[in-house]
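Numbered per our numbering, the sequence shown finishes at 385, counting up by one with no gaps. The beta-carbon is built from N, C-alpha and C at its ideal position, and this holds for glycine as well. Comments concern the structure below.
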Amino acid sequence: MTMHLSNTVLVEDVPSKNISATGAQIEFRGVTKIYGALAAVRELSLTVHQGEFLTILGPSGSGKTTALMLLAGFIAPTSGDIRISRKSVSKVPSYRRDQGIVFQNYALFPHLTVRRNLEFPLEMRGIKAAERAVFTDRMLRRVHLEEFGNRMPSQLSGGQQQRVALARALIADPPVLLLDEPLGALDRNLREQMQVEIKHLHKEFGKTTICVTHDQDEALTLSDRIVVMRAGEIEQTDTPQALYDRPATRFVANFLGEANIFDNSGFELQTDATQSAGTVAMIRPERISVASVDAPKRPDAERRQFVSGVVDDMIYAGPLRKYQVRVGNSVLAVREHVASDQQIFGAGDEVRLDWLRSDLRFVRV
Ligand SMILES: Nc1ncnc2c1ncn2[C@@H]1O[C@H](COP(=O)(O)OP(=O)(O)OP(=O)(O)O)[C@@H](O)[C@H]1O
21 MTMHLSNTVL
31 VEDVPSKNIS
41 ATGAQIEFRG
51 VTKIYGALAA
61 VRELSLTVHQ
71 GEFLTILGPS
81 GSGKTTALML
91 LAGFIAPTSG
101 DIRISRKSVS
111 KVPSYRRDQG
121 IVFQNYALFP
131 HLTVRRNLEF
141 PLEMRGIKAA
151 ERAVFTDRML
161 RRVHLEEFGN
171 RMPSQLSGGQ
181 QQRVALARAL
191 IADPPVLLLD
201 EPLGALDRNL
211 REQMQVEIKH
221 LHKEFGKTTI
231 CVTHDQDEAL
241 TLSDRIVVMR
251 AGEIEQTDTP
261 QALYDRPATR
271 FVANFLGEAN
281 IFDNSGFELQ
291 TDATQSAGTV
301 AMIRPERISV
311 ASVDAPKRPD
321 AERRQFVSGV
331 VDDMIYAGPL
341 RKYQVRVGNS
351 VLAVREHVAS
361 DQQIFGAGDE
371 VRLDWLRSDL
381 RFVRV
């Protein structure tokens, strides 16, 4: 990988601590990228705030990587403009955009030691050897790799390599950090550990960070806001909680978490809200309670809808019990946190489901 650092920064411009005041604001203004007959990204307009952690999430082929590569300057937009700190970067080559970049496959220089990998961006900025050593020592300590400075990348584990990649992206103090599936190559436990590490680094360094992933857990854990993309366009942009609790469309409801969508449910849905045209009702599986048909109703029963159904299937999933329950024409997914005093139902059992009417959401079809 080539480093994308401007070499205009002098030694005295580099802060004495590896902490810059803020990241940069980034704007996409009607950005389109056409390949042949396909718009990989269409009319993308988005403002990423200074210091924000924004994740672009979406299925394969939705245009996430294209959006990131446009920002990095690796590809040029067909139309539209990208601004960093309110200045257009259309004519700025990628190596002058002052961005730290981390890819899924580490992209460390394989023939350089960890130290030399970290020093490289500093060298590109004309920083003298003595200062480089100070920065590098500090960064190695920060990512808990002080013992590993003299190793080659191939002598490190995947997680350690990815920490070096993060350290190298941050060491020259760029205002923008771009992460492309940064944890994609790591196994699950390590991913979770690294998510915490990335969160800490973001808090500490305050870089405007744009992360591309198709891993919803990663997006929900790390992000201030998430952009959900679909077929080259933004479907919804919101905080993780708002996206999960109030998805605007059926696509978002299904893509982020699990959703019961009442299309043609075969029973009457009770709602307190008026349903607009072109919408369908949905409820999250963990908002539904399951009980035996003769169980006493809760005190808030007048605010709930009760339906009877038959269990199709039940599986244990760690701390959750997952039911599939047939009600009318629908099979509803129900998620229950396992508690010792709960009754357990199996396939064929008649049950009563209930949910708060206010937990129903209407999403655009
Ligand atoms: N260089 C290219 N030439 C032609 N088509 C391309 C090129 N790069 C991307 N595309 C197409 O543009 C669309 C968006 O691709 P992109 O890589 O941005 O998707 P993505 O959301 O990042 O997918 P993934 O999660 O699989 O990486 C896809 O249909 C892809 O085939």
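Requested in this report: Verify whether the separation of the beta carbon atoms of PHE282 and SER350 is less than 9 Å.
Outcome: It is a contact, given that the beta carbons lie within the stated cut-off.
Query - Exposed unless 16 or more other CB atoms sit within 10 angstroms - verdict on ILE364 - result: A residue is called buried once 16 or more other Cβ atoms fall within 10 Å of its Cβ, and ILE364, having fewer, is exposed.
Query raised in the report: Applying the criterion that 16 or more other CB atoms from any shown protein chain within 10 Å of the CB defines a buried residue, is ILE335 buried or exposed?
Result: Burial state of ILE335 is exposed, judged by a 10 Å Cβ sphere holding fewer than 16 other Cβ atoms.
**Report entry** DSSP state of ASP33 mapped onto helix, strand, coil
**Finding:** In this prediction, ASP33 has a pLDDT of 37, which is less than 50 and means its spatial position is unreliable; nothing more can be read from the coordinates.
Report task. Keeping to the same chain, check which residues put their C-beta closer than 8 Å to that of PRO194; ignore five residues upstream and five downstream. Result -> LEU25, ASP118, GLN119, GLY120 and LYS227.
Query raised in the report: Would the C-beta of HIS234 count as close to ligand 1, meaning under 8 Å from any of its heavy atoms?
Result: Within the cutoff, so yes.
Query raised in the report: Got a sec: does ligand 1 put a non-hydrogen atom nearer than 8 Å to the Cβ of PRO79?
Result: It does: the Cβ of PRO79 is within 8 Å (strictly closer) of some heavy atom of ligand 1.
Query - Segments of 3+ residues assigned as beta strand (DSSP E) that fall wholly inside the region 296-328 - result: List check, beta strand (DSSP E) in window: 299-303 and 309-312.
**Report entry** When TYR343, ILE308 and ARG188 are compared against ASP157, the one with the closest alpha-carbon
**Finding:** Minimum Cα-Cα distance from ASP157 among the listed residues TYR343, ILE308 and ARG188 corresponds to ARG188.
Report task. Give a yes or no on whether the C-beta atoms belonging to ARG384 and THR291 are separated by under 9 Å. Result -> Not a contact, by the Cβ cut-off of 9 Å.
Report task. Would you please verify whether the beta carbon of MET249 is less than 9 Å from any beta carbon of chain C? Result -> Absent from the structure is chain C; it holds one protein chain and no more.
Query raised in the report: Hey, quick one: how far does the beta strand (DSSP E) through MET137 stretch, first residue to last?
Result: According to the sequence displayed, residue 137 carries Asn and not Met. Looking at the DSSP string, ASN137 is not in any beta strand (DSSP E); the run it does join, the alpha helix (DSSP H), is 134-144.
Query raised in the report: In the region 50-93, which residue ranges form an unbroken beta strand (DSSP E) of at least 3 residues, counting only runs that do not cross its ends?
Result: Listed in chain order, the complete beta strand (DSSP E) runs (minimum 3 residues) inside the region 50-93 are 58-68 and 73-77.
Requested in this report: Answer yes or no: do ILE46 and THR98 have a C-beta to C-beta separation smaller than 9 Å?
Outcome: The answer is no: Cβ separation not under 9 Å.
Query raised in the report: Which residues bound the alpha helix (DSSP H) around ASP258?
Result: Counting along the chain, ASP258 sits inside no alpha helix (DSSP H); it lies in the beta strand (DSSP E) bounded by residues 253-258.
Query raised in the report: Is ALA315 near ligand 1, judged by its Cβ being under 8 Å from some heavy atom?
Result: Incorrect: ALA315 has no Cβ contact closer than 8 Å to ligand 1.
Query - Which residues DSSP lists as bridging LEU340, in chain order - result: Under DSSP, the beta-bridge partners assigned to LEU340 are ALA337 and HIS357.
Report task. Could you check which residue in SER174, THR133 and ARG145 has the C-alpha nearest to that of GLU166? Result -> For GLU166, the nearest C-alpha among the options comes from THR133.
Query - Near ligand 1: MET249 beta-carbon under 8 Å from a heavy atom - result: Flag set: Cβ of MET249 near ligand 1.
Report task. Going by CA-CA distance only, name the one from VAL216, GLU253, ARG266 and THR269 that's closest to SER243. Result -> Distance check between SER243 and each of VAL216, GLU253, ARG266 and THR269 places VAL216 closest, using alpha-carbon atoms only.
Query raised in the report: Cβ of VAL61 within 8 Å of any heavy atom in ligand 1?
Result: Yes; taking the cut-off as 8 Å, the Cβ of VAL61 has a heavy atom of ligand 1 nearer than that.
Query raised in the report: Is it buried or exposed for THR86, if we count other Cβ within 10 angstroms and need 16 for buried?
Result: Buried.
Query - Proximity to VAL61 [Cα-Cα], best of GLY50, ALA44 and ASP332 - result: Across the set GLY50, ALA44 and ASP332, the C-alpha of GLY50 shows the shortest separation from the C-alpha of VAL61.
Report task. Quick one: residues in its chain with C-beta nearer than 6 Å to the C-beta of ASN170, no 5 flanking neighbours on either side, listed in chain order? Result -> Counting only residues of its own chain and dropping the five nearest sequence neighbours on each side, ASN170 has a CB closer than 6 Å to the CB of THR133.
Report task. Report the rounded CA-to-CA distance for MET214 versus GLN124, giving the unit in angstroms. Result -> Approximately 13 Å, taken between the alpha carbons.
Query - Residue nearest to ARG355 in terms of C-alpha spacing, selected from ASP369, GLU370 and ASP333 - result: That would be ASP333, whose Cα lies nearest to the Cα of ARG355.
Requested in this report: Sort PRO319, PHE287, ASP265 and ASN209 by Cα distance to GLY277 and report the nearest one.
Outcome: That would be ASP265, whose Cα lies nearest to the Cα of GLY277.
**Report entry** Residue from SER328, LEU197 and GLY93 with nearest C-alpha to THR42
**Finding:** For the residues SER328, LEU197 and GLY93, the minimum Cα distance to THR42 belongs to LEU197.
Query raised in the report: From GLY71 to VAL347, what distance separates their C-alpha atoms?
Result: C-alpha separation (whole angstroms): 47 Å.
Requested in this report: Indicate the three-state DSSP secondary structure (helix, strand or coil) for ALA41 in the structure shown.
Outcome: Residue placement at ALA41 cannot be trusted, given a pLDDT of 49 that sits under 50; what the coordinates show is reported in the next sentence. It is coil, neither helix nor strand.
Requested in this report: Could you tell me which of GLY56, HIS69, ILE191 and THR52 sits nearest to MET89, measuring between CA atoms?
Outcome: If we check each option's Cα against that of MET89, THR52 comes out closest.
Requested in this report: Please work out which residues of its chain come closer than 8 Å, Cβ to Cβ, to SER82, disregarding the five sequence neighbours upstream and downstream, and give them in chain order.
Outcome: Closer than 8 Å at the Cβ level, and outside the excluded window around SER82, lie MET249, ARG250, ALA251 and GLY252.
Query - At least three beta-carbon pairs within less than 8 Å, the region 175-187 to the region 129-144 - result: Yes, they touch.
**Report entry** Distance cut-off 8 Å: GLY56 Cβ against heavy atoms of ligand 1
**Finding:** Checking the Cβ of GLY56 against ligand 1 gives yes.
Query raised in the report: What residues match up with GLU370 in a beta bridge as DSSP calls it?
Result: Per DSSP, the beta bridge partners of GLU370 are VAL330.
Requested in this report: Would you kindly work out how many angstroms separate the C-alpha atoms of ARG372 and ALA273, rounded to a whole number?
Outcome: Rounded to the nearest whole angstrom, the CA to CA distance from ARG372 to ALA273 is 25 Å.
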